[in-house]
Structures are given as structure tokens and as C-alpha cells.
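Some notes on the structure that comes next.
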Amino acid sequence: EDQVTQSPEALRLQEGESSSLNCSYTVSGLRGLFWYRQDPGKGPEFLFTLYSAGEEKEKERLKATLTKKESFLHITAPKPEDSATYLCAVKTSYDKVIFGPGTSLSVIP
Amino acid sequence: KAGVTQTPRYLIKTRGQQVTLSCSPISGHRSVSWYQQTPGQGLQFLFEYFSETQRNKGNFPGRFSGRQFSNSRSEMNVSTLELGDSALYLCASSLDTGVGNEQFFGPGTRLTVL
Numbered sequence: 009e010d011q012v013t014q015s016p017e018a019l020r021l022q023e024g025e026s027s028s029l030n031c032s033y034t035v036s037g038l039r040g041l042f043w044y045r046q047d048p049g050k051g052p053e054f055l056f057t058l059y060s061a062g063e064e065k066e067k068e069r070l071k072a073t074l075t076k077k078e079s080f081l082h083i084t085a086p087k088p089e090d091s092a093t094y095l096c097a098v099k100t101s102y103d104k105v106i107f108g109p110g111t112s113l114s115v116i117p
Numbered sequence: 013k014a015g016v017t018q019t020p021r022y023l024i025k026t027r028g029q030q031v032t033l034s035c036s037p038i039s040g041h042r043s044v045s046w047y048q049q050t051p052g053q054g055l056q057f058l059f060e061y062f063s064e065t066q067r068n069k070g071n072f073p074g075r076f077s078g079r080q081f082s083n084s085r086s087e088m089n090v091s092t093l094e095l096g097d098s099a100l101y102l103c104a105s106s107l108d109t110g111v112g113n114e115q116f117f118g119p120g121t122r123l124t125v126l
């Protein structure tokens with residue numbers, strides 16, 4: 009069965025304390041893996057798309073990487089405005105989109 | 013450039029009723045997808061429309077249906093509402109259906125079923 013999991017469920021960081029969020033997937037063929045950020049009361053905001061193992065993408069303090077079984081979202085020197093829920097999703101070879109449960113990140117000043 | 017708009021933003025219904033939610037995609041976007049978000053199940057894919065045709069459907073009962081109009085606007089309908097249908101319903105649009113097309117989400121419609 010196709011499945012996407014994320015860990016940790018919640019993460020609390022001090023401002024400037026770097027860390028990584030994990031997204032593990034088991035799917036029948038990966039067409040792409042996506043990272044989104046969701047603020048309370050809003051729809052998800054697109055961050056990255058990764059297509060194949062070894063690929064990396066960066067945007068400001070965020071860097072996403074992909075292996076054959078998982079993806080990491082690295083957050084370098086986070087700021088309070090990085091506080092949000094981070095969601096990963098995969099698109100399978102059957103064009104199904106499956107979201108993970110998300111990681112709730114809190115960055116404390 | 014205006015974003016994805018969804019109406020209404022909030023809705024309260026009672027069990028057994030039906031509801032219609034509306035989504036206007038970003039101008040020029042032809043693909044619209046619908047998702048249900050709940051605290052217990054997270055974000056779950058409902059269906060995807062492109063050029064007025066349903067391209068893909070998630071694992072939801074037939075009470076959930078949708079359609080897309082020639083101007084790419086989309087509606088989803090839920091009939092015979094159940095308490096478990098209470099959720100945030102999100103619409104996302106993209107230029108096309110390819111995996112490389114970024115999805116832009118609307119703010120969602122918060123449906124409460126009493």
C-alpha cells in the first residue's frame with residue numbers, strides 16, 4: 009500500500025538552531041515528491057519539487073534532498089517566521105497524490 | 013495576479029443535507045484538484061479535473077462529486093452529509109496536469125456538519 013510518513017510530529021527549535029525534518033515514502037513508482045508549508049488557517053504553500061534520488065533544491069534557509077526511500081527538509085538557522093506545519097506529498101506512477109501527516113515546527117525567539 | 017479563491021469560506025450544515033463548494037483557479041490554470049483536510053486523516057486527495065474532465069479520483073464514496081466548467085472554475089458537491097464530513101476542503105490549481113506543474117492552493121472552505 010502506498011504510504012507517506014513524516015517525523016517528528018512536532019519540533020520545537022530555538023532561533024538559529026538548525027535541524028531536519030524527515031519524509032519517508034513507500035509508493036509504487038515515484039513521479040515526484042513535493043514539500044509544502046502551511047500556516048494556520050491557510051492553504052499549503054508550495055516549496056519544492058524533487059524528481060529523482062540525489063536531487064537537492066534550496067530556497068533561503070530551506071534545503072530539500074531526496075533518496076530512494078525518503079526526503080529531508082533541512083532548516084538552517086531558523087527564524088520565528090519559519091514556524092508552520094511542513095507537509096510532504098508524493099505523486100505516484102498512477103498519478104495519485106498522497107500527503108504525509110506533516111511536521112509542526114515552532115521556532116522560539 | 014489573483015490567487016485561487018474558494019467560496020464560501022465557512023459553512024455549517026446538518027446531517028443529511030447536501031452542500032456545494034466553489035473554486036476559481038488562477039487565471040490561465042486549467043487543472044483543479046480538490047482535497048479534504050482533517051486533524052485525524054490529514055490531507056487526502058478527492059479528485060482532479062482538467063479541461064472539464066475528471067482525470068483522477070481518490071478513495072472517497074460516491075457522495076462526493078465534482079465538475080469543472082469551460083472557464084476552469086470547479087465545484088464539488090457532497091450529498092447526504094455525515095458528521096465525519098466536517099473538514100477543511102482545499103482546492104488547488106495548476107497550469108497543467110504534469111508533475112512539474114506547481115500547485116497553488118486556495119484558503120479552503122471550512123465545513124461543519126452538525
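Sequences listed follow chains H and R, in order. Sequential numbering from 9 applies to the first sequence in the working numbering. Sequential numbering from 13 applies to the second sequence in the working numbering. Using N, Cα and C, we set each Cβ at its ideal position, and we do this for glycine too. This structure is a prediction, so every number in the text was calculated from the model and none was measured.
With a cut-off of 8 Å on the beta carbons, I'd call residue i and residue j a contact; round off their distance for me.
i	j	result
Gly127 of chain R	Leu107 of chain R	Lying outside 13 to 126, the shown extent of chain R, residue 127 of chain R is not represented and no answer is given.
Gln22 of chain H	Ile116 of chain H	6 Å
Ala54 of chain H	Phe116 of chain R	Residue 54 of chain H is actually Phe in this sequence, not Ala. Indeed, because the Cβ distance is near 7 Å, the residues count as touching under 8 Å.
Glu94 of chain R	Ser82 of chain R	With 8 Å as the limit, Glu94 of chain R and Ser82 of chain R do not qualify as a contact, their Cβ atoms being about 32 Å apart.
Leu102 of chain R	Gly118 of chain R	6 Å
Ser36 of chain R	Val16 of chain R	7 Å
Leu58 of chain H	Lys67 of chain H	Going by Cβ atoms, the distance from Leu58 of chain H to Lys67 of chain H rounds to 12 Å, so no, they are not a contact pair.
So, using beta-carbon positions, are residue i and residue j closer together than 7 Å?
i	j	result
Phe59 of chain R	Trp46 of chain R	yes
Asn113 of chain R	Asp103 of chain H	no
Glu78 of chain H	Ser32 of chain H	yes
Val12 of chain H	Val105 of chain H	no
Thr124 of chain R	Ile38 of chain R	no
Val111 of chain R	Gln80 of chain R	no
Leu81 of chain H	Leu29 of chain H	yes
Gly108 of chain H	Gln46 of chain H	no
Ala104 of chain R	Thr50 of chain R	no
Gln56 of chain R	Gln66 of chain R	no
Pro52 of chain H	Leu95 of chain H	yes
Thr121 of chain R	Gln18 of chain R	yes
Trp43 of chain H	Ala72 of chain H	yes
Asp10 of chain H	Thr100 of chain H	yes
Leu126 of chain R	Thr32 of chain R	no
Ser91 of chain H	Ser60 of chain H	no
Arg42 of chain R	Ser84 of chain R	yes
For residue i, does the three-state DSSP call read helix, strand or coil?
i	result
Glu89 of chain H	helix
Leu107 of chain R	coil
Leu126 of chain R	coil
Gly96 of chain R	helix
Ala14 of chain R	coil
Ala61 of chain H	coil
Lys50 of chain H	coil
Thr84 of chain H	coil
Asn71 of chain R	coil
Validate contact between the stretch 32-51 of chain H and the stretch 75-94 of chain R using beta carbons, cut 8 Å, 3 pairs: Segments in contact, no.
Contact set between the stretch 36-61 of chain H and chain R, restricted to residues whose Cβ is under 9 Å from the partner: The stretch 36-61 of chain H vs chain R, Cβ under 9 Å: Arg39, Gly40, Phe42, Tyr44, Gln46, Gly49, Lys50, Gly51, Pro52, Glu53, Phe54, Thr57, Tyr59.
Under 9 Å (Cβ pairs) to chain R, residues found in the stretch 96-113 of chain H: With the criterion set as a beta carbon lying under 9 Å from some beta carbon of chain R, the members of the stretch 96-113 of chain H are Ala97, Lys99, Tyr102, Asp103, Lys104, Val105, Ile106, Phe107, Gly108, Pro109, Gly110, in sequence order.
Contact set between the stretch 47-67 of chain R and chain H, restricted to residues whose Cβ is under 9 Å from the partner: Residues of the stretch 47-67 of chain R with a C-beta less than 9 Å from any C-beta of chain H: Tyr47, Gln49, Gln53, Gly54, Leu55, Gln56, Phe57, Glu60, Arg67, listed in chain order.
Members of the stretch 86-110 of chain R that neighbour chain H once the beta carbon cut-off is set at 7 Å: Result list: Leu102.
Interface positions of the stretch 71-84 of chain R facing chain H (Cβ-Cβ less than 8 Å), listed along the chain: Within the stretch 71-84 of chain R, no residue has a Cβ that lies closer than 8 Å to any Cβ of chain H.
Interface positions of the stretch 24-45 of chain R facing chain H (Cβ-Cβ less than 9 Å), listed along the chain: Listed in sequence order: Ser45.
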